[in-house]
Ligand code: C5P
């Protein structure tokens, strides 16, 4: 039961990480936020003035970039070469450029290898865009979370305000729609629902309702 592998995919701000964290906590599984890994590389590239369109330069940087995810209270702390970047990787400069970094095929190949290692010999709840399709295609349960752009922008807006981050609702709507477009139209492992994934539209659901649904699915499928 503790070797369960659960894949949670979906577009930006669809509630994946909130739900994944809760499920992992309740079922005593390791939570892996793969978006944080792409964000960490993006952060490091921006900081080191590496051109994020230059795949060779990014690969060189990635080879020297140790990305660590550690449980911290209810959430997860992120480290790059042992320096904590948990908050830095959520800033707008990273959010609005990460999809360019994540579109490079060789960057993805290396990230997938690292992600698969994290799930070796242990149960995980992993969230991202390609977990059910590419990273862990044999997951016990695959969930695909969706919500309207308006709803996702409003959720992110509230979250930003609560964290004291500057937030503009209209801009968020545009940014989310653009990230969805980039993530679902890239050539290498685009955001796409796996054939055997269960789709949950969270637009009108609370976090608790989504968590309950996912738990029921886990019970019925494992
Ligand atoms: O999940 P989050 O929104 O933090 O992910 C940030 C970005 O990282 C996504 O917009 C996407 O470009 C990329 N990503 C990805 N594959 C994953 C996880 C994230 O391409 N498995």
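Numbering (this note's numbering), first residue to last: 11 to 232.
Virtual Cβ for every residue (Gly too), placed ideally from N, Cα, C.
Candidates 45, 126, 192 and 205: which alpha carbon is nearest residue 113's? Your numbering for residue 113 matches position 103 in the chain shown. The shortest Cα separation from residue 113 among 45, 126, 192 and 205 belongs to 192.
For the beta strand (DSSP E) that residue 43 lies in, which residues bound it at each end? Within the chain shown, the letter at position 33 stands for residue 43. Where residue 43 is concerned, the enclosing beta strand (DSSP E) stretches over 40-43.
Going residue by residue through the segment 172-228, where are the continuous beta strand (DSSP E) segments of at least 3 residues, counting only ones entirely within it? 208-211
First and last residue of the uninterrupted alpha helix (DSSP H) at residue 77: The residue you call residue 77 lines up with position 67 of the chain shown. Note, residue 77: premise wrong, no alpha helix (DSSP H); beta strand (DSSP E) at 77-82.
For residue 211, which residues from the same chain have a beta carbon less than 7 Å from its beta carbon, with the 5 sequence-adjacent residues on both sides left out? On the chain shown, residue 211 is found 201 positions in, with the first residue counted as 1. If we look at residue 211 and ignore the five residues flanking it on each side, its Cβ neighbours are 156 and 157.
Within the segment 78-130, ranges of the beta strand (DSSP E) (whole runs, at least 3 residues): 85-90
Report the option in 57, 208, 190 and 128 whose CA atom is closest to the CA atom of residue 150. What you label residue 150 is simply residue 140 of the chain shown in a count that begins at 1. For the residues 57, 208, 190 and 128, the minimum Cα distance to residue 150 belongs to 208.
Since residue 137 sits in a beta bridge, which residues does DSSP pair it with? As a first step, residue 137 must be located in the chain shown, where it is residue number 127. Residue 137 is bridged to 18 and 43.
What does the Cβ neighbour count give for residue 93, buried or exposed, with the cut at 16 atoms within 10 Å? As a first step, residue 93 is located in the chain shown; it is residue number 83 there, counting from the start. The residue in question, residue 93, is exposed, as its Cβ has fewer than 16 Cβ neighbours within 10 Å.
If I measure Cβ to Cβ from residue 82 and keep anything under 8 Å in the same chain, skipping five residues before and after, which residues do I get? As a working mapping, residue 82 is identified with position 72 in the chain shown. Counting only Cβ-Cβ distances below 8 Å, and skipping sequence neighbours, we find 96.
Are there three or more Cβ pairs, one per stretch, closer than 8 Å when the segment 125-141 is compared with the segment 35-43? yes
With a 10 Å radius around its C-beta and 16 neighbouring C-beta atoms as the bar for buried, classify residue 138 as buried or exposed. The count along the chain shown starts at 1 and reaches residue 138 at position 128. Residue 138 should be labelled buried.
List the DSSP bridge partners of residue 60. Working through the chain shown from its first residue, we reach residue 60 at position 50. Residue 60 is not bridged to any residue.
Leaving aside the five residues before and after residue 141 along the sequence, list all residues of the same chain whose C-beta is less than 6 Å from its C-beta, in chain order. Position 131 of the chain shown, counted from the first residue, corresponds to residue 141. Cβ within range, chain order: 17 and 19.
Within a Cβ cutoff of 6 Å, which residues of the same chain sit near residue 194, ignoring the five residues on either side of it in sequence? Locating residue 194 in the chain shown gives position 184, counting from the first residue. Excluding residues within five positions, the ones whose Cβ falls inside 6 Å are 200 and 201.
Go to residue 151, then tell me how far its beta strand (DSSP E) extends in each direction, as first and last residue. Your numbering for residue 151 matches position 141 in the chain shown. Counting along the chain, the beta strand (DSSP E) containing residue 151 begins and ends at 151-156.
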